[in-house]
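S.K.: In the numbering used here, the protein residues as written are 67 to 293. We treat Cβ as the ideally placed atom computed from N, Cα and C, and that holds for glycine. If you're wondering where the values come from, they're calculated on a predicted model, not measured in any experiment. Have a look at this one before I ask anything.
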Ligand code: ADP
Ligand code: MG
């Protein structure tokens, strides 16, 4: 069955330029059901971010098939893909990527600017910011926030369109241990509420242990870390 969920079949990603040829992903197959969570671990340079970019439709695989929520994203035209990504996929990176000139509330609303149409977005943004513990900081700017607070805004921004798929690339990688643990708890808690698919690249085995699936990348291949 290829409806809903996430399916990768024998996905490869090869970088080729004058400097040579690098086979980063050499045949990744993955299946995720709606509502599930997946942790991706693996050494630095093993291709975790590359894989997340492919799953996030930011980068095309060199070969293989990808199906996200019942669609083949790479068969779409570029404008259709941009809309699909905007409506269905949320991103949280290691760096918050907030825009410094905008407030917390405005940053949270940024994904809604490209394809307007939803109603009550300010209410939803306010509610989300309340859930991430920032209801008292709506009008503050990123420079006035701590690292953990900025990451909480990035999480609210990623969820504003209620994406069916949330991708997080080492979301706690820049945070101290205590803050990392509270941000990780927040991501897991919001996933349960939203019932979306959650994929997190992490070095934390403790966090990986809390997900419904856990794969490890190594030498361009992925294996079930629990098998
Ligand atoms: P990870 O996130 O696991 O640390 P990455 O996915 O960032 O790993 O990178 C995997 C490998 O792909 C690394 O060896 C990196 O140097 C290589 N790589 C990433 N982007 C490019 C590129 N544009 N051209 C060539 N090699 C690249
Ligand atoms: Mg990476």
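Could you tell me whether any non-hydrogen atom of the ligand MG is closer than 7 Å to the CB of residue 270?
M.R.: Within the chain shown, the letter at position 204 stands for residue 270. No, since every heavy atom of the ligand MG falls outside the 7 Å radius drawn around the Cβ of residue 270.
S.K.: Excluding the five sequence neighbours on either side, which residues of its own chain have a C-beta within less than 6 Å of the C-beta of residue 68, listed in chain order?
M.R.: Counting from 1 along the chain shown, the entry for residue 68 is found at position 2. Confidence at residue 68 is low in this model, with a pLDDT of 44, below 50, so the placement of that residue is unreliable and no value is reported for it.
S.K.: Where residue 296 and residue 215 are concerned, what is the direct C-alpha to C-alpha distance, given to the nearest angstrom?
M.R.: Outside the modelled stretch of the chain, which goes from 67 to 293, sits residue 296, for which no answer is possible.
S.K.: Between 197, 196, 195, 175, which has its C-alpha nearest residue 187's C-alpha?
M.R.: Taking the first residue of the chain shown as 1, we reach residue 187 at position 121. Comparing Cα-Cα distances from residue 187 to each of 197, 196, 195, 175, the minimum goes to 175.
S.K.: Quick check: what's the CA-CA separation for residue 89 versus residue 169?
M.R.: Counting from one through the chain shown, the residue named residue 89 turns up at place 23. Counting from one through the chain shown, the residue named residue 169 turns up at place 103. Their backbone Cα atoms lie some 41 Å apart in a straight line.
S.K.: Taking just the CA atoms, how far does residue 167 sit from residue 291?
M.R.: Numbered from its first residue, the chain shown carries residue 291 at position 225. Numbered from its first residue, the chain shown carries residue 167 at position 101. Rounded to the nearest angstrom, the two C-alpha atoms are 42 Å apart.
S.K.: Take every Cβ of the stretch 96-104, pair it with every Cβ of the stretch 156-166, and state whether three or more of those distances are shorter than 8 Å.
M.R.: No: the two stretches stay apart, fewer than three of their Cβ pairs being nearer than 8 Å.
S.K.: Assuming residue 108 and residue 233 are in contact, meaning their beta carbons sit under 8 Å apart, how far apart are those beta carbons, in whole angstroms?
M.R.: Position 42 of the chain shown, counting from 1, holds the residue named residue 108. Position 167 of the chain shown, counting from 1, holds the residue named residue 233. The pair is not a contact, with the Cβ atoms about 16 Å apart (cut-off 8 Å).
S.K.: Just to check, is the beta-carbon of residue 158 closer than 7 Å to a non-hydrogen atom of the ligand ADP?
M.R.: Reading the chain shown from its first residue, position 92 is the one you call residue 158. Residue 158: no, Cβ never under 7 Å from the ligand ADP.
S.K.: Any idea what DSSP makes of residue 152, helix, strand or coil?
M.R.: To locate residue 152, count along the chain shown from 1; it is residue 86. Here residue 152 sits in helix by DSSP.
S.K.: On a CA-only basis, which of 144, 72, 204 is nearest residue 171? Give me that one, please.
M.R.: As a first step, residue 171 must be located in the chain shown, where it is residue number 105. Nearest of 144, 72, 204 to residue 171, Cα basis: 204.
S.K.: Going by DSSP, which residues form a beta bridge with residue 272?
M.R.: One-based indexing of the chain shown puts residue 272 at position 206. None; residue 272 has no bridge partner.
S.K.: Heavy atom of the ligand MG less than 7 Å from the Cβ of residue 76, yes or no?
M.R.: In the chain shown, residue 76 corresponds to position 10, counting from 1. Every heavy atom of the ligand MG is 7 Å or more from the Cβ of residue 76, so no.
S.K.: Using DSSP with H/G/I as helix, E/B as strand and the rest coil, what is residue 235?
M.R.: Within the chain shown, the letter at position 169 stands for residue 235. Residue 235 falls in the strand class under three-state DSSP.
S.K.: At a cut-off of 7 Å, would you count residue 125 as near the ligand MG, judging by its Cβ distance to the nearest heavy atom?
M.R.: Taking the first residue of the chain shown as position 1, residue 125 is located at position 59. No, since every heavy atom of the ligand MG falls outside the 7 Å radius drawn around the Cβ of residue 125.
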